[in-house]
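Chemist: Residue numbers in the sequence shown follow our numbering, run continuously in steps of one, and reach 1449 at the last position.
Ideal Cβ positions, reconstructed from N, Cα and C, are used throughout, including at glycine.
Because the structure is a prediction, the values reported are computed rather than measured.
Structure in structure tokens, see below.
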Amino acid sequence: FIGRRTGYTSQRVVIRTPIILVPSCTIMRIQTLTTIRPISILIGLLCKRCYAATNVLLLGDSMASFMGKTLESFCSDVQVKNAGIGGTTADEWAEATAEIISECADTSFDIVYISVGGNDLLSSDCTISSAALVKKIESAVENIVLNVAPGASTYVLTGYCLPHAPEDEVSGCSEPSDYNALSFAFSTMQSNGIEVEGSGSNIEIINSSNVCGGSSISFSNEMYFQDPIHLNSKGYCKVFTQETVQNALSCSDSGDVLDCNTIDFEIYGLESNCALGTRPSPTPPVPTPTPPVPTPTPPVPTIPTAPVSAPTTDTSCSDSTLRFRTMNGLGTKVVWRDCTWVNNKPYRCNNEGITSHCPVTCNGCDTCQDSEARFKLVKDGRRIARNCDWVATKKTAIRCGYEGVAETCRDTCDACTEEDEGRDNNIFE
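Pasting the structure below:
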């Protein structure tokens, strides 16, 4: 027997083994030597906290999808399901249905995290106004609250850290001030709030644009990113350890002070994304690693990087630098993407026409061929959408001279080596 005096009563409580442990609570067989109060009071004295973990669903773009389940390391007592889809916009989430999370619906969600708006800014070459962004984000939030993932008590938006560098230096998003519209949009929504009539839910909005060290005159600190716009574990730590975010997500106070600059573990849980239609082509399942628990003494540094295809010795074969047309992750809308986007998730090579447009990323250099995709090029100072048939129709030599066209239409522009042509001619032998 183990005897102790409680802090709440002078009675001596004797505990008989065995002791059975369950999450956040200890259930014990109790025997007392004297008269005791009702058993419910004793359990309350012996259990510091008896409750279930908070179920959190992540929705939205790559700010959500690239996080995997890493939020579990920065927010105590939460269980995460990730249904984020990289590359999606607020407009697309404003049209989404509950079907998109049908594979996540084995549990109810207490909190839904929403990340939308970033791709709406980028797809406009940073020309969209903050007012227009607010409308798009509010429409997406309303649809998520009412139709995609209704019933949660709280919906949380944190916005985005300012990038550490331009994603595309030739676009309109080349200076820190070009991202002001997104920051202003989240500041406006944080001040005014978002109300979804009939939902009864709480919507928390936090503007995190400056959290990673950026401002309207300087980009963020590179240490928080795995590429120009996507956060690494340090960056997610900076966003999700803000006191306002911790409170919004109902994170338990562990009492530990976490130094985000010293932690550096690999983002985990990427393979368990449950959004419908986002799973890669069949491969052996990868076991989900046990979430690390950040401490002031960090694990061995491991920063996730995008998969890189095996190098090719054929110098004439390269990915096109031009954006191409494809379908969004929800399959509901045409979007324009580039080969960097494909390389972030190589299973996208399975989409129609992408291998011919990104032959290095998709291991398609064995065949000399034109891109099958429709792409955007700059002609006479204007950005226009064309394909390789247009290049071949007339003025081929001139059109092949437009930036990016020769490596996009390799066959038409005679940009293949003899080795390429030999492989192509003998492909059926």
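What whole-angstrom Cβ distance do TYR1454 and MET1083 have, given they're in contact under 8 Å?
Modeler: As shown, the chain starts at 1021 and ends at 1449. That puts residue 1454 outside it, with no answer to give.
Chemist: For a minimum of 3 consecutive residues, which ranges assigned as the beta strand (DSSP E) are wholly contained in the stretch 1388 to 1432?
Modeler: Runs of the beta strand (DSSP E) inside the stretch 1388 to 1432: 1395 to 1399, 1402 to 1406.
Chemist: Specify, as a first and last residue, the run of the beta strand (DSSP E) that PHE1239 falls within.
Modeler: No beta strand (DSSP E) holds PHE1239; DSSP gives it neither H nor E.
Chemist: Let me confirm a value: ARG1402 is counted as buried when at least 16 other C-beta atoms fall within 10 Å, else exposed. Which label applies?
Modeler: The residue is exposed, with fewer than 16 neighbouring Cβ atoms inside 10 Å.
Chemist: Roughly how many angstroms separate the alpha carbons of CYS1377 and TRP1356, rounded to a whole number?
Modeler: Residue identity check: residue 1377 is His in the sequence provided, not Cys. So the alpha carbons of these two residues sit roughly 13 Å apart.
Chemist: If you compare alpha carbons, which of ALA1152, CYS1146, ASN1163, GLU1115 is closest to LEU1182?
Modeler: Out of ALA1152, CYS1146, ASN1163, GLU1115, CYS1146 has the C-alpha closest to the C-alpha of LEU1182.
Chemist: Pick from ALA1295, THR1346, ASP1339, THR1413: whose alpha carbon is nearest that of ILE1120?
Modeler: Considering only alpha carbons, the answer is ALA1295.
Chemist: Nearest to SER1211 by alpha carbon, out of ILE1225, ASP1198, ASN1200, GLY1220?
Modeler: The shortest Cα separation from SER1211 among ILE1225, ASP1198, ASN1200, GLY1220 belongs to ILE1225.
Chemist: What residues in its chain sit with their C-beta under 7 Å from that of THR1310, if we drop five residues either side in the sequence?
Modeler: A caution first: THR1310 carries a pLDDT of 49, below 50, which makes its placement in the model unreliable, though a value can still be read off. None.
Chemist: Verify whether the separation of the beta carbon atoms of HIS1184 and GLU1115 is less than 9 Å.
Modeler: Their beta carbons are not under 9 Å apart, which means HIS1184 does not touch GLU1115 by this criterion.
Chemist: When you compare the CB positions of SER1173 and ASN1222, do they come within less than 9 Å of one another, or not?
Modeler: A contact, by the Cβ cut-off of 9 Å.
Chemist: Skipping 5 residues on each side, what residues in its chain have a beta carbon closer than 7 Å to that of ASP1198?
Modeler: Once the five neighbours on either side are set aside, the close Cβ partners of ASP1198 are CYS1146, GLY1192.
Chemist: Apply the 10 Å Cβ neighbour rule to GLY1451 and answer buried if 16 or more other Cβ atoms are within range, or exposed otherwise.
Modeler: No answer is possible for residue 1451: it lies beyond the span of the chain, which begins at 1021 and ends at 1449.
Chemist: According to DSSP, is PHE1344 part of a helix, a strand, or is it coil?
Modeler: Of the three classes helix, strand and coil, the one that applies to PHE1344 here is strand, per DSSP.
Chemist: For TYR1175, which beta-bridge partners are listed by DSSP?
Modeler: Note: TYR1175 sits in a beta bridge opposite VAL1132, ILE1223.
Chemist: Quick one: complete alpha helix (DSSP H) runs, 4+ long, within the stretch 1070 to 1122?
Modeler: Fully enclosed alpha helix (DSSP H) runs of 4 or longer: 1082 to 1085, 1110 to 1113.
Chemist: I'd like to check one pair, SER1093 with PHE1395: are the Cβ atoms closer than 9 Å?
Modeler: Cβ atoms of PHE1395 and SER1093: not closer than 9 Å.
Chemist: Report the rounded CA-to-CA distance for CYS1256 versus GLY1137, giving the unit in angstroms.
Modeler: The sequence shown places Tyr at residue 1256, not Cys. Cα-Cα distance, rounded: 18 Å.
Chemist: In whole angstroms, what separates the C-alpha of LEU1142 from that of ALA1073?
Modeler: One C-alpha to the other measures close to 36 Å.
Chemist: Kindly indicate the opening and closing residues of the beta strand (DSSP E) around ASN1354.
Modeler: Note on identity: in this sequence residue 1354 is Val, with Asn being the wrong assignment. 1354 to 1357 is the span of the beta strand (DSSP E), which, as asked, contains VAL1354.
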